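Enquirer:
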Amino acid sequence: MPGTVLICLILFISTTNAANAGFSFTLIHRDSPLSPFHNPNLTHHDLNQAKFDRSIARAHALSVALTPQLSPEQGEYLVRFVVGDIPFTVHAILDTGSSFIWFQCQPCQKCYPQKDPIYDPSKSYTSKSFDCTNSTCNFTPGHSCSANNECAYHLAYLDGSFSDGVLMQEEFVFEGPDSATVKGVKLAFGCGRNNVFKGFSTDGGNLAGVMGMGRGQLSLASQLAQPAFAYCLLGEADKSTMSRVQLGSRPRMWGNSTAIVRARGRESQYSVLLNGVSLGAMRVINIPTGQVVSLDSGASMTFLELSLFGPVIEAVRGAMKGFEVARDPRGLSELCYSATTKELVQAGLPVLELGFVGGSRLEVKAESLFLEVAERRVCITLIRSSFGQSIIGNIAQQNNVVGYDLANDRIYMSGAYDCKLY
Ligand SMILES: *[C@@H]1O[C@H](CO)[C@@H](O)[C@H](O)[C@H]1NC(C)=O
Ligand SMILES: *[C@@H]1O[C@H](CO)[C@@H](O)[C@H](O)[C@H]1NC(C)=O
Ligand SMILES: *[C@@H]1O[C@H](CO)[C@@H](O)[C@H](O)[C@H]1NC(C)=O
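Residues -18 to -1, 1 to 404 (mature numbering (1 follows the signal peptide of the UniProt record, and there is no 0)) make up the sequence shown, in order.
1. Kindly indicate which three-state DSSP category Thr118 falls into: helix, strand or coil?
2. Below 8 angstroms, how does it come out for the stretch 98 to 111 and the stretch 226 to 236: are there three or more Cβ pairs, yes or no?
3. If the criterion is Cβ atoms closer than 8 angstroms, does the pair Pro18 and Lys105 meet it?
4. Would you tell me roughly how many angstroms separate the C-alpha atoms of Met302 and Leu336, rounded to the nearest one?
5. Using CA atoms only, rank isn't needed, just tell me which of Gly247, Leu256, Ile10 is closest to Glu287.
6. Any heavy atom of ligand 3 closer than 7 angstroms to the Cβ of Asn238?
7. Does any heavy atom of ligand 3 sit closer than 7 angstroms to the C-beta of Arg343?
8. Give the C-beta separation of Glu152 and Val65 to the nearest angstrom, bearing in mind that I take them to be a contact with Cβ-Cβ under 8 angstroms.
9. Run the proximity test for Gln228: is its beta-carbon closer than 7 angstroms to any non-hydrogen atom belonging to ligand 2?
10. Would you kindly work out how many angstroms separate the C-alpha atoms of Gly385 and Ala129, rounded to a whole number?
11. For the beta strand (DSSP E) containing Leu344, list its first residue and its last residue.
12. Where does Asn390 sit, in a helix, a strand or coil, going by DSSP?
13. Between the alpha carbons of Tyr399 and Ser117, how many angstroms are there, rounded?
14. Run through DSSP, which three-state label would Val327 get?
15. Looking at ligand 2, does it come within less than 7 angstroms of Phe112, judged from the CB to the closest heavy atom?
16. Within this structure, are the beta carbons of Gln251 and Gly174 separated by less than 8 angstroms?
17. Could you tell me which residues DSSP puts in a beta bridge with Met264?
18. Can you give me the start and stop residues for the alpha helix (DSSP H) that Ile377 sits inside?
19. Please report how far the alpha carbon of Tyr213 lies from the alpha carbon of Arg246, in whole angstroms.
20. Leaving out five residues before and five after Ala263 in sequence, what residues of the same chain have Cβ atoms less than 8 angstroms from its Cβ?
21. Skipping 5 residues on each side, what residues in its chain have a beta carbon closer than 6 angstroms to that of Phe154?
22. Thinking C-beta only, is Arg343 closer than 8 angstroms to Met395?
23. For a test of the three-state rule: what should DSSP assign to Pro209, helix, strand or coil?
24. Can you have a look at Val307 and say buried or exposed, based on whether 16 or more other CB atoms are within 10 angstroms of its CB?
25. Identify the residues that DSSP records as bridge partners of Cys90: which are they?
26. If you draw a straight line from the C-alpha of Val46 to the C-alpha of Ser367, how long is it?
27. In whole angstroms, give me the CA-to-CA distance for Pro50 and Tyr139.
28. Along the chain, where does the alpha helix (DSSP H) containing Phe291 start, and where does it finish?
29. Which same chain residues, not among the five before or five after Thr240, have their C-beta less than 7 angstroms away from its C-beta?
30. Measuring only the C-alpha atoms, how far is Leu48 from Ser81?
31. If you drop the 5 nearest sequence neighbours on each side, which residues of the same chain put their C-beta closer than 6 angstroms to that of Asp310?
32. Whose CA, out of Ala281, Val275, Ala297, lies closest to the CA of Gln371?
33. Let me make sure I understand the geometry here. Which of Leu9, Phe7, Ala32, Asn21 has the alpha-carbon closest to that of Ser315?
34. Between the C-alpha atoms of Leu200 and Gly172, what's the straight-line distance to the nearest angstrom?
35. Closer than 7 angstroms: is that where the CB of Asn120 sits relative to any heavy atom of ligand 2?
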């Protein structure tokens, strides 16, 4: 057994302070037994219904503004890290749709109930504040000078959620695969002292905040000056296993790539050009010039503009002829069937393929296209967008490697892949 200890020690040392070289970290599925938010009293039907609730509540908020700052949902893929020299554990949403890192922080003027103890920078020797003449302050959302010259921020989301606080710097520790840890990652983040997060659960099982992975200067990848990151999100069936994110100069990513485009009002998001949709061998939509869609890990469902939603739903309906149409018990999803996910998989429902300019493809299999929301009731995870934008959420991205080549402004997609192998 001393041998084991030695090996662990070597691994530990070899991964310490690896931030500059890039590193891997794990994602926990919100509903898995690994998550502190896991509620064993809820059935998987309850949990799946909650995903629709969260996504649709967020979309309603989006429909009222032209350049919305999306508020991430309180799910599905969480990153766990430790901050400070008296370690506080924080669970946050991994969100490619936004670019700021923030979490609730003492002294709280108003904090919502959260599961983890609230981080207190006064207990940590490694915490530092920024004064408002510091250049980093200029990149902070809604920045201003507080009475004592600190860099204050105000981050407002469209649904009325917001976080107010001050910009701080801390040392973060990330959990890597195989229990490795990555220490000493210095990051600027928002210490949120006055926070409202709409749409959180009423049982107190709330997340502390958000880990922004977007294109802005203060996202995780931007602060660490990493040229790329990639992830492979495990599906519902494998949610007790952690998914992986690789950050660095050479994350594992492959397939064709598509250019990241700048869409007005969505500059910090990962927007790409969709040029077609197929269902199995059938071409459903062809858009030679491409149509802007955003990849958003902070959303569960996929929202399609009307010109995409109609034809895709019709095609799926055609492929599902053998199944009995049913209603969503709460009327949130527009297409449901009396079936189990297992039956859909066994029936060999064709794969929905989203194709992008440049030849990259996202392949959505039956087990991600439909979720079981009640006994023998599956509902489609595509939602009609009421806000004139299309957003590809995390469920549609499951079991595809999605790679972000930030240095060259391109996104790589592997097509269908078993993320347990990633
Ligand atoms: C689950 O139900 C039991 C019994 O009703 C209750 O004591 C417990 O607090 C519940 N757990 C959660 C996480 O809600
Ligand atoms: C900005 O503030 C951070 C954190 O306190 C500090 O490490 C950095 O040196 C400051 N930069 C400047 C230009 O003052
Ligand atoms: C890459 O694009 C080419 C041309 O569109 C296509 O034939 C090929 O199947 C694509 N490969 C992948 C892995 O998507």
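Positions of the beta carbon are idealized from the N, C-alpha and C atoms, including for glycine. These numbers come from a predicted model, not from an experiment.
Expert: Taking the geometry as given:
1. What you label residue 118 is simply residue 136 of the sequence shown in a count that begins at 1. In the structure shown, Thr118 sits in a helix (DSSP, three-state: H, G or I).
2. no
3. Position 36 of the sequence shown, counting from 1, holds the residue named residue 18. Position 123 of the sequence shown, counting from 1, holds the residue named residue 105. For Pro18 and Lys105, no; Cβs fall outside 8 angstroms.
4. The residue you call residue 302 lines up with position 320 of the sequence shown. The residue you call residue 336 lines up with position 354 of the sequence shown. Spanning the two alpha carbons is a distance of roughly 19 angstroms.
5. Here residue 287 refers to the residue found at position 305 when the sequence shown is read from its first residue. If we check each option's Cα against that of Glu287, Leu256 comes out closest.
6. Start at 1 with the first residue of the sequence shown, and residue 238 comes out as number 256. Answer for Asn238: yes, Cβ within range of ligand 3.
7. Counted from its first residue, the sequence shown places residue 343 at position 361. Yes, the Cβ of Arg343 comes within 7 angstroms of a heavy atom of ligand 3.
8. In the sequence shown, the residue the question calls residue 152 occupies position 170. In the sequence shown, the residue the question calls residue 65 occupies position 83. Between Val65 and Glu152 the Cβ distance is about 5 angstroms, and since that is below 8 angstroms, they are a contact.
9. Translated into positions along the sequence shown, residue 228 becomes position 246. No, since every heavy atom of ligand 2 falls outside the 7 angstroms radius drawn around the Cβ of Gln228.
10. Translated into the one-based positions of the sequence shown, residue 385 becomes position 403. Translated into the one-based positions of the sequence shown, residue 129 becomes position 147. Cα to Cα, the separation comes out at about 43 angstroms.
11. Residue numbering aside, residue 344 sits at position 362 when the sequence shown is read from its first letter. Segment 343 to 346, the beta strand (DSSP E) holding Leu344.
12. For the purposes of this step, residue 390 is identified with residue 408 of the sequence shown, where counting begins at 1. Looking at Asn390 - three-state DSSP - the assignment turns out to be coil, as it is neither helix nor strand.
13. By 1-based counting over the sequence shown, the position of residue 399 is 417. By 1-based counting over the sequence shown, the position of residue 117 is 135. Near 42 angstroms, if we compare the C-alpha coordinates of Ser117 and Tyr399.
14. The sequence position of residue 327 within the sequence shown is 345, counting from 1. Look at Val327 here: in three-state DSSP terms it is helix.
15. Within the sequence shown, residue 112 is the residue found at index 130, counting from 1. Within the cutoff, so yes.
16. Translated into positions along the sequence shown, residue 251 becomes position 269. Translated into positions along the sequence shown, residue 174 becomes position 192. For Gln251 and Gly174, no; Cβs fall outside 8 angstroms.
17. Counting from one through the sequence shown, the residue named residue 264 turns up at place 282. DSSP, once it has assigned bridges, lists Leu261 as partnering Met264.
18. Position 395 of the sequence shown, counted from the start, is the residue given in the question as residue 377. Segment 376 to 379, the alpha helix (DSSP H) holding Ile377.
19. Working through the sequence shown from its first residue, we reach residue 213 at position 231. Working through the sequence shown from its first residue, we reach residue 246 at position 264. Taking the straight line from one Cα to the other gives about 26 angstroms.
20. Along the sequence shown, read from residue 1 onward, the residue named residue 263 stands at position 281. So the list reads Pro332, once near-sequence residues are dropped.
21. In the sequence shown, counting from the first residue as 1, residue 154 sits at position 172. Excluding positions up to five away in sequence, the list reads Phe63, Val65, Val167, Leu169.
22. Numbered from 1 along the sequence shown, position 413 holds the residue referred to as residue 395. Numbered from 1 along the sequence shown, position 361 holds the residue referred to as residue 343. Result yes, Cβ atoms of Met395 and Arg343 sit closer than 8 angstroms.
23. The residue given as residue 209 occupies position 227 in the sequence shown. DSSP places Pro209 outside both helix and strand once states are collapsed to three, so it counts as coil.
24. Counting from 1 along the sequence shown, the entry for residue 307 is found at position 325. Exposed is the call here.
25. For the purposes of this step, residue 90 is taken as the residue at position 108 of the sequence shown. DSSP, once it has assigned bridges, lists no residue as partnering Cys90.
26. Numbered from its first residue, the sequence shown carries residue 46 at position 64. Numbered from its first residue, the sequence shown carries residue 367 at position 385. Low local confidence applies: a pLDDT of 43 at Val46 is under 50, so the model's placement there is unreliable, and no value is given.
27. Here residue 50 refers to the residue found at position 68 when the sequence shown is read from its first residue. Here residue 139 refers to the residue found at position 157 when the sequence shown is read from its first residue. Its pLDDT being 47, under 50, Pro50 is placed unreliably in this model, and the value from its coordinates should be taken loosely. For Pro50 and Tyr139, the gap between their C-alpha atoms comes out near 7 angstroms.
28. Position 309 of the sequence shown, counted from the first residue, corresponds to residue 291. First-last of the alpha helix (DSSP H) with Phe291: 288 to 301.
29. On the sequence shown, residue 240 is found 258 positions in, with the first residue counted as 1. Here the set comprises Val254, Leu255, Phe338, Val339, Gly340, Ser342, Arg392, Ile393.
30. The residue labelled residue 48 in the question sits at position 66 within the sequence shown. The residue labelled residue 81 in the question sits at position 99 within the sequence shown. A caution first: Leu48 carries a pLDDT of 39, below 50, which makes its placement in the model unreliable, though a value can still be read off. When rounded, the distance between both Cα atoms is 19 angstroms.
31. The residue you call residue 310 lines up with position 328 of the sequence shown. Counting only Cβ-Cβ distances below 6 angstroms, and skipping sequence neighbours, we find Cys318, Cys361.
32. In the sequence shown, residue 371 corresponds to position 389, counting from 1. The candidate whose alpha carbon is nearest that of Gln371 is Val275.
33. In the sequence shown, residue 315 corresponds to position 333, counting from 1. Comparing Cα positions, the closest option is Ala32.
34. Numbered from 1 along the sequence shown, position 218 holds the residue referred to as residue 200. Numbered from 1 along the sequence shown, position 190 holds the residue referred to as residue 172. In a straight line, the C-alpha of Leu200 is about 10 angstroms away from that of Gly172.
35. Here residue 120 is taken as the residue at index 138 of the sequence shown, counted from 1. No, ligand 2 has no heavy atom inside 7 angstroms of this Cβ.
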